[in-house]
Every structure is written in C-alpha cells, then in structure tokens.
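Sequential numbering of the sequence shown, starting at 6, is according to our numbering. Structure first, commentary second.
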Amino acid sequence: MNHLVSIRPITEADTEKIVKWRNAPSVMSHFIYRTPLTAEGHLNWFHNRVQTGEVAQFMITDEENGEEVGSVYLRDIDPVNKKCEYGIFIGEDSCRGKGIGSAAARLALDYAFGELKLNRVFLRVFADNLRAVKSYENAGFVFEGKFREDVIIDGKAYDMVFMGILRKEWEKVKK
C-alpha cells in the first residue's frame, strides 16, 4: 500500500499532540521506556535534543485528509560514525495498518541519508510486534539480530529485534 504522507519538523506548538499520543496505551505499550510523558518533559526533549541537532523529529501528516497522525524521529545522531536510531509512533488508532508508517519511514530515511549524509540507520523493536517489523521491512530495513530477553518491563523479559539499513541499500530501495 502506497499511502501519501508528508513530514515536517516539530515545533513547540506540537507539544500537546505529542504528549497525548505518546501517553496513549496503544502507543506506550510499544515503547521500552513507559514513564508517562509530560509537557515539561517533551519541551525539555525539544530544547535539549531536537534544537541541538541530536534528534531530528517530525510530525506525520496523512495527505489524504490533511490530519496529523503521529511522529517520526532520528535520535542519537552521530555525525562521526554517520549513524542514528530510528523511531516512530502513529498516535491516531484509526491510522494504523494503512501504510502510513512505512511511507513516513521512507521520508525520514530520505532525510537521514540525503540531508544528514548518514551511512546507517538502525532501530529496536519488540520481537512480538510483528506489524511494526513488517512496516520496517516495507521501508527497506533488514533484520540484523535478536537480543533475547533484552528488556524487562514489570518483571517480564522481552526479546528485541534489531533492524537497520545502510546508505547503499537505501539507494537501491528508493529507485
């Protein structure tokens, strides 16, 4: 499914939406760190990570209806080793499973490899989150390994899958 989306850099004005989406149980359940996000916490992230260039974060707009539906980000941008970690959340439940995540990932990868001139983008995802794994594969990420019982949440151990994409792979995928 080729869904038409756009991304734009986040601003302070997006704080309310980001906090609402990030705290939704359907989003939070897919994050390793599950402490509720506050407006103050988000603004701290925005000022100390986004505005410093350590993170590039964008709002995702579904162009079919003009609605903002989530956020995609590149974190821990490492200009020396030319890599970063990828993350995304679709905050609107009704917008999941429509290809929006894969389309937004492709735009974020364009930014990572085009604007930031990175060589590698990687991600971590819960091994049992098969829908997300499929979305990442659709965007060009490949399986790199599984870390068994890597994360413990509320006393339960979870396996994490690591996926990545290299610049040379992206150049082939986007053609």
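Even for Gly, the Cβ is constructed at its ideal location relative to N, Cα and C.
Starting from residue i, trace the beta strand (DSSP E) both ways and give me its first and last residue.
i: residue 169; result: 161 to 171
i: residue 12; result: 10 to 14
Would you call residue i buried or exposed, if buried means 16 or more other Cβ atoms sit within 10 Å of its Cβ?
i: residue 141; result: buried
i: residue 98; result: exposed
i: residue 34; result: exposed
i: residue 16; result: exposed
i: residue 6; result: With a pLDDT of 47 at residue 6, under the threshold of 50, the modelled position of that residue is not reliable, and no figure is offered here.
i: residue 38; result: exposed
i: residue 106; result: buried
i: residue 75; result: buried
i: residue 18; result: exposed
Within this structure, are the beta carbons of residue i and residue j separated by less than 9 Å?
i: residue 112; j: residue 68; result: no
i: residue 23; j: residue 52; result: no
i: residue 94; j: residue 156; result: no
i: residue 96; j: residue 29; result: yes
Can you check whether the C-beta of residue i is within less than 9 Å of a C-beta belonging to chain B?
i: residue 67; result: The question asks about chain B, but that chain is absent: this structure has only one protein chain.
Nearest CA to the CA of residue i: which residue from the options?
i: residue 12; options: 175, 102, 66, 42; result: 66
i: residue 26; options: 175, 77, 159, 14; result: 77
i: residue 110; options: 165, 151, 42, 138; result: 138
>> For a minimum of 3 consecutive residues, which ranges assigned as the beta strand (DSSP E) are wholly contained in the region 23 to 88?
In response: Those beta strand (DSSP E) runs which fall completely within the region 23 to 88 and span 3+ residues are 61 to 67, 72 to 83.
>> List, from N- to C-terminal side, the beta strand (DSSP E) runs of 3 residues or more that fit wholly inside the region 105 to 148.
In response: Runs found: 125 to 131.
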